[in-house]
Ligand SMILES: Nc1ncnc2c1ncn2[C@@H]1O[C@H](COP(=O)(O)OP(=O)(O)O)[C@@H](O)[C@H]1O
Ligand SMILES: [Mg+2]
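Have a look at this one:
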């Protein structure tokens with residue numbers, strides 16, 4: 002019983018510390034930042050943004066961003 | 021359009037290829053047209069597991085080089101008519117290719133199938149990202165061991181997906197879990213941010229059975245667990261195989277004690 006508890010705690014600690022240094026989490030953050038910028042100009046929500054990070058044949062990141070919007074925001078938003 | 025699952029893991033050797041093969045056989049047996057694709061290039065062994073390594077005429081490289089169409093490269097399973105395998109390439113890759121080429125192949129084939137199961141390499145390098153770019157649903161495989169669960173968690177955090185990934189716990193030993201000698205299913209589920217879709221018990225016959233005679237017998241524990249996973253995939257329910265049941269109650273306790281003496 003006691004041993005299993007130790008293993009469970011080790012698992013929890015590992016998972017927490019691994020999360021602090023995760024480079025690909027960038028994609029999730031990137032998506033919400035894109036939405037934040039674009040929604041000043043277009044009617045969009047998070048669901049309208051498709052973000053894919055692929056690897057091309059040369060091992061480079063191929064960042065594909067596809068956004069669909071129903072409407073553009075009216076001019077008075079950026080009048081000044 | 022087919023539902024496309026990428027079967028992946030952080031740690032190697034947790035049973036991805038075994039699951040792709042046996043779940044493919046299970047879905048095909050239930051009447052669903054199923055395609056298996058091996059994207060663990062170089063370390064591929066799905067063809068060996070499916071007993072088709074001598075039937076390969078064209079492989080993925082021939083398709084990419086335009087020597088044949090994707091459909092011509094397909095190999096039908098020896099036992100299940102609904103099951104097809106798209107052969108990978110052995111050893112050294114003559115050409116380089118990314119997710120784009122693979123996606124083109126898959127999109128030309130998926131109209132013939134209900135399910136596409138993609139066997140991905142372990143880890144989070146290029147090969148893994150190339151594979152995940154090809155599917156739209158993900159199944160992360162882990163065993164109940166600490167290092168495998170930790171690596172599963174890394175994979176789950178790295179999956180950029182609209183849909184929460186599914187989780188399969190493979191090689192579960194109910195006797196050890198009951199005796200608190202192995203992390204139990206509940207603890208593993210609570211540790212990982214994925215939706216459990218199945219638990220598969222440890223079974224000594226796994227390697228031999230697949231290599232010689234296709235799917236497992238219907239009344240074996242392992243096939244019951246696979247049937248439940250297939251059912252969950254099809255219906256969206258989530259009935260999970262109870263690997264401790266066999267070792268509970270009067271007879272179960274005897275069974276468990278006998279096993280611990282082995
Ligand atoms: N449920 C199981 N019970 C017993 N052995 C298993 C089970 N699942 C997989 N194995 C064995 O584990 C080894 C690794 O499995 P494999 O499917 O090749 O893993 P991966 O594709 O993740 O590297 C194989 O020898 C296989 O027979
Ligand atoms: Mg494998």
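Protein chains in written order, with the numbering used here: chain A, 2 to 81; chain B, 21 to 282.
Here a beta-carbon is modelled for each residue, glycine too, at the ideal position from N, C-alpha and C.
Report yes or no: is there a C-beta of chain A within less than 8 Å of the C-beta of residue i?
i, result
"residue 170 of chain B", "yes"
"residue 89 of chain B", "no"
"residue 127 of chain B", "no"
"residue 207 of chain B", "yes"
Determine the chain B residues that contact residue i at a beta-carbon separation under 8 Å, and present them in chain order.
i, result
"residue 96 of chain A", "The first residue shown for chain A is 2 and the last is 81, placing residue 96 of chain A beyond what the model contains."
Report all residues from its chain with a CB closer than 6 Å to the CB of residue i; omit the five preceding and five following residues, and keep chain order.
i, result
"residue 117 of chain B", "84"
"residue 95 of chain B", "72, 75, 105"
"residue 1 of chain A", "Within the shown structure, residues of chain A are numbered from 2 to 81, placing residue 1 of chain A beyond reach of any answer."
"residue 286 of chain B", "Shown here, chain B extends from 21 to 282; a query on residue 286 of chain B therefore has no answer."
"residue 209 of chain B", "216"
"residue 223 of chain B", "242"
"residue 263 of chain B", "192, 194, 219, 221"
"residue 40 of chain A", "none"
"residue 17 of chain A", "none"
Are residue i and residue j closer than 8 Å when you measure CB to CB?
i, j, result
"residue 31 of chain B", "residue 145 of chain B", "no"
"residue 151 of chain B", "residue 54 of chain B", "no"
"residue 176 of chain B", "residue 214 of chain B", "yes"
"residue 35 of chain B", "residue 190 of chain B", "yes"
"residue 155 of chain B", "residue 25 of chain B", "yes"
"residue 242 of chain B", "residue 260 of chain B", "no"
"residue 245 of chain B", "residue 218 of chain B", "yes"
"residue 198 of chain B", "residue 276 of chain B", "yes"
"residue 164 of chain B", "residue 125 of chain B", "no"
"residue 212 of chain B", "residue 187 of chain B", "yes"
"residue 153 of chain B", "residue 119 of chain B", "yes"
"residue 122 of chain B", "residue 250 of chain B", "no"
"residue 318 of chain B", "residue 274 of chain B", "The requested residue 318 of chain B is not part of the displayed model; chain B covers only 21 to 282."
"residue 12 of chain A", "residue 169 of chain B", "yes"
"residue 232 of chain B", "residue 9 of chain A", "no"
"residue 21 of chain B", "residue 138 of chain B", "no"
"residue 283 of chain B", "residue 46 of chain B", "Residue 283 of chain B lies beyond the residue range present for chain B, which begins at 21 and ends at 282; the question has no answer from this structure."
"residue 150 of chain A", "residue 279 of chain B", "This structure gives no information on residue 150 of chain A, because the portion of chain A shown stretches from 2 to 81."
In its own chain, which residues sit with a C-beta less than 8 Å from the C-beta of residue i, not counting the 5 before and 5 after it?
i, result
"residue 41 of chain B", "56, 66, 69, 70, 230"
"residue 35 of chain A", "50, 52, 66, 68"
"residue 48 of chain B", "54, 97, 100, 101, 102, 103"
"residue 78 of chain B", "87, 88, 92, 93, 107"
"residue 265 of chain B", "194, 272"
"residue 130 of chain B", "21, 22, 24, 55, 136"
"residue 237 of chain B", "243"
When you compare the CB of residue i with every CB in chain B, is at least one pair closer than 8 Å?
i, result
"residue 50 of chain A", "no"
"residue 11 of chain A", "yes"
"residue 5 of chain A", "yes"
Who are the neighbours of residue i on chain B, taking C-beta pairs under 7 Å?
i, result
"residue 16 of chain A", "170, 173, 211"
Which same chain residues, not among the five before or five after residue i, have their C-beta less than 7 Å away from its C-beta?
i, result
"residue 148 of chain B", "28, 140, 141"
"residue 44 of chain A", "70, 71, 72, 74"
"residue 184 of chain B", "214, 215"
"residue 51 of chain B", "102"
Along chain A, in chain order, which residues have C-beta atoms closer than 7 Å to that of residue i?
i, result
"residue 166 of chain B", "8, 11, 12"
Closer than 9 Å by beta-carbon distance: list the chain A residues that pair up with residue i, in chain order.
i, result
"residue 203 of chain B", "5, 8, 9, 12"
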